[in-house]
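Asker: Please see the structure below; I have some questions.
Numbering (the numbering used here), first residue to last: 1244 to 1834.
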């Protein structure tokens, strides 16, 4: 009997392995079957059955710019009743192994080629960052953690709580999973409880003070499920998705009292330009879902923004709005390296401590690459994957670069045997701004987040680092790592070395936590703002001073929702889609 069971297990493992291989090899055929409406931008034609006029020119009820975390659920929802054109500048995620598997999480971010799902950028603060460039957006390159916003956030943004509570489960039933808790995450959970981050709330999507295990978009086989999969719920006869479609600007009719969005200009993968237009209905809309970096950039390139900035780049002004690109924020994160005397499996964020001092404590562990590349990338906190701080570009001397390369070569092998405790500031007070560098949509704008510009943010970082150190020193965590309790100074010394970057190290880094926070600040991609409600858009997210133009993404947020924002941005796409349909059709919307 035992032999039979063993044979069955071996067969199932072999079948799973073969299925993984075939799923990648046949991914193209699969997505073309399941998503027949996804096409390359070069296939776009000026005539279509969606035309609602007497001419042969194609027109759509909704044109959504950006097929990301919000854009995909929004497009799927609106297509139930109206014609939708979704334009995404990147490719599809389905056949990309770097996107699909948890073990390759860091490799997708390390790929800086023009066809990568990740586009790196460096803020003027000197922190390396990344933005998505793929259908599914940030859900294709993030650490996968899923949680809801707290009820106070929902109330502050003025959303209908009942519809919010209908929209979250719509997402969760399709792409969210309960994680199999890794040993590192379990020990981290016990450590949090040891230091008083209580109570233990178990597995939950809800944002509750204490320690909890959240959801994940990685299934039990380590496969990622992205926002692109939500397109499977769309009406295939009413939706067209174009990939490698880079929108260059929104087109306006300026003959009336207010500029009226008419359509967009985009280029395909061959560099050829196309135009797509809305129907004549006053309720048709261009909806920007390009994210906190892309949407303010798109508005300014389309002629909406600060007059002086537009004139400087000879952009024809459609509407002056001084607040476009203002109020940019990113939740600063710092990490403490934890060595172990035992092997640990790779784990991304699964457990989180939600404290009452405005700090979130999270953890990651393991190293997902092959041994022959161990000196090329350094896991979740690798300089190559767009996470670690660097000195500002003007200060990047050849000597600093050589010192950086030497530190990489000399990095002790032990650094790959442990993990990190991550401390992140909730709702930073410090904000910055976004400005155009040129008129090329493919180039990143200049972004300043002004990390720790406000002393309260810096103090919260100090408090968070102290708490992270206590977790690492707790009995239950040291029982797991099999290491003696390290002193705080020893932990910080190891962390400064593990944070491979170009920032010159201060001699007091490990003695003064304020300096440690400033010198080792990194990002976890929760940047937001640039198109705030009341300044750039109204409470319904329509762009102020215009007709038929709306924004649905995190650029409208003045704070990042929950411990991790992807759940709320996914929900937002569904929420806004349902809200638009119900306002247009009432009960006939059927959603």
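Quick reminder that beta carbons are idealized off the backbone N, C-alpha and C, glycines included.
Whose C-alpha, out of 1499, 1686, 1691 and 1532, is nearest the C-alpha of residue 1568?
Answerer: Your numbering for residue 1568 matches position 325 in the chain shown. Among 1499, 1686, 1691 and 1532, the Cα nearest to that of residue 1568 is on 1691.
Asker: Would you verify that the beta carbon of residue 1406 is, or is not, closer than 9 angstroms to some beta carbon of chain D?
Answerer: Although the question refers to chain D, the structure presented lacks it and comprises just one protein chain.
Asker: Starting from the Cα of residue 1676, find the closest Cα among 1572, 1777 and 1709 and give me that residue.
Answerer: Here the question's residue 1676 lines up with position 433 in the chain shown. Closest option to residue 1676, Cα to Cα, is 1572.
Asker: By Cβ distance, which residues of its chain are closer than 7 angstroms to residue 1322, with the 5 residues on each side in sequence left out?
Answerer: On the chain shown, position 79 is the one that residue 1322 refers to. The answer, listed in chain order, is 1477, 1478, 1481 and 1482.
Asker: In three-state DSSP terms, what is residue 1734?
Answerer: Residue mapping note: residue 1734 aligns to position 491 of the chain shown, counting from 1. It is helical.
Asker: For a test of the three-state rule: what should DSSP assign to residue 1286, helix, strand or coil?
Answerer: Here residue 1286 is taken as the residue at index 43 of the chain shown, counted from 1. Helix, per DSSP.
Asker: Taking the beta carbon of residue 1808 as the centre, do at least 16 other beta carbons fall within 10 Å, making it buried, or is it exposed?
Answerer: In the chain shown, counting from the first residue as 1, residue 1808 sits at position 565. Per the 10 Å Cβ criterion, buried.
Asker: Per DSSP, what kind of secondary structure is residue 1679 in: helix, strand or coil?
Answerer: Counted from its first residue, the chain shown places residue 1679 at position 436. DSSP places residue 1679 in coil when its eight states are reduced to three.
Asker: How would you write the range of the beta strand (DSSP E) that residue 1444 sits in, first residue to last?
Answerer: Here residue 1444 refers to the residue found at position 201 when the chain shown is read from its first residue. Start and end: 1443-1446.
Asker: Compare the beta carbon distance of residue 1559 and residue 1587 with 9 angstroms and say whether it is the shorter of the two.
Answerer: On the chain shown, residue 1559 is found 316 positions in, with the first residue counted as 1. On the chain shown, residue 1587 is found 344 positions in, with the first residue counted as 1. For residue 1559 and residue 1587, no; Cβs fall outside 9 angstroms.
Asker: Note down the Cα distance separating residue 1470 from residue 1755, rounded to an integer number of angstroms.
Answerer: The residue given as residue 1470 occupies position 227 in the chain shown. The residue given as residue 1755 occupies position 512 in the chain shown. One C-alpha to the other measures close to 42 angstroms.
Asker: Return the CA-CA distance between residue 1829 and residue 1403, expressed in angstroms with no decimal places.
Answerer: As a working mapping, residue 1829 is identified with position 586 in the chain shown. As a working mapping, residue 1403 is identified with position 160 in the chain shown. So the two alpha carbons sit approximately 16 angstroms from each other.
Asker: Leaving out five residues before and five after residue 1398 in sequence, what residues of the same chain have Cβ atoms less than 8 angstroms from its Cβ?
Answerer: Position 155 of the chain shown, counted from the first residue, corresponds to residue 1398. If we look at residue 1398 and ignore the five residues flanking it on each side, its Cβ neighbours are 1404.
Asker: With the cut-off set at 9 angstroms, would you say residue 1786 and residue 1795 are in Cβ contact?
Answerer: The residue you call residue 1786 lines up with position 543 of the chain shown. The residue you call residue 1795 lines up with position 552 of the chain shown. The answer is no: Cβ separation not under 9 angstroms.
Asker: Ignoring anything shorter than 3 residues, give me the beta strand (DSSP E) runs that lie fully in the stretch 1459-1538, in order along the chain.
Answerer: If we require 3 residues or more, the beta strand (DSSP E) runs fully inside the stretch 1459-1538 come out as 1482-1486, 1489-1496, 1503-1510, 1516-1521 and 1528-1531.
Asker: Kindly provide the ranges of any alpha helix (DSSP H) runs that are 4 or more residues long and lie completely inside the stretch 1343-1383, ordered along the chain.
Answerer: Segments of the alpha helix (DSSP H) lying fully in the stretch 1343-1383: 1348-1353.
Asker: Where residue 1309 and residue 1324 are concerned, what is the direct C-alpha to C-alpha distance, given to the nearest angstrom?
Answerer: On the chain shown, residue 1309 is found 66 positions in, with the first residue counted as 1. On the chain shown, residue 1324 is found 81 positions in, with the first residue counted as 1. Each residue's alpha carbon lies about 20 angstroms from the other.
Asker: Among 1454, 1369, 1374 and 1423, which one has its Cα closest to the Cα of residue 1431?
Answerer: The residue labelled residue 1431 in the question sits at position 188 within the chain shown. Checking every option, the nearest Cα to that of residue 1431 belongs to 1454.
Asker: Confirm, please, whether the CB-CB distance from residue 1305 to residue 1527 is below 9 angstroms.
Answerer: In the chain shown, residue 1527 corresponds to position 284, counting from 1. In the chain shown, residue 1305 corresponds to position 62, counting from 1. Yes, the pair counts as a contact, with Cβ atoms nearer than the cut-off.
Asker: Helix, strand or coil for residue 1797, going by three-state DSSP, please let me know.
Answerer: Counting from 1 along the chain shown, the entry for residue 1797 is found at position 554. Residue 1797: helix per DSSP, three-state reduction.
Asker: Do residue 1818 and residue 1286 have their C-beta atoms within less than 9 angstroms of each other?
Answerer: Here residue 1818 corresponds to residue number 575 of the chain shown, with the count starting at 1. Here residue 1286 corresponds to residue number 43 of the chain shown, with the count starting at 1. Cβ distance not < 9 angstroms, so residue 1818 and residue 1286 don't count as in contact.
Asker: Keeping to the same chain, check which residues put their C-beta closer than 6 angstroms to that of residue 1584; ignore five residues upstream and five downstream.
Answerer: One-based indexing of the chain shown puts residue 1584 at position 341. The answer, listed in chain order, is 1725 and 1726.
Asker: For residue 1360, does the count of other Cβ atoms within 10 angstroms reach 16, so buried, or fall short, so exposed?
Answerer: As a first step, residue 1360 must be located in the chain shown, where it is residue number 117. Residue 1360 is buried by the Cβ-count criterion.
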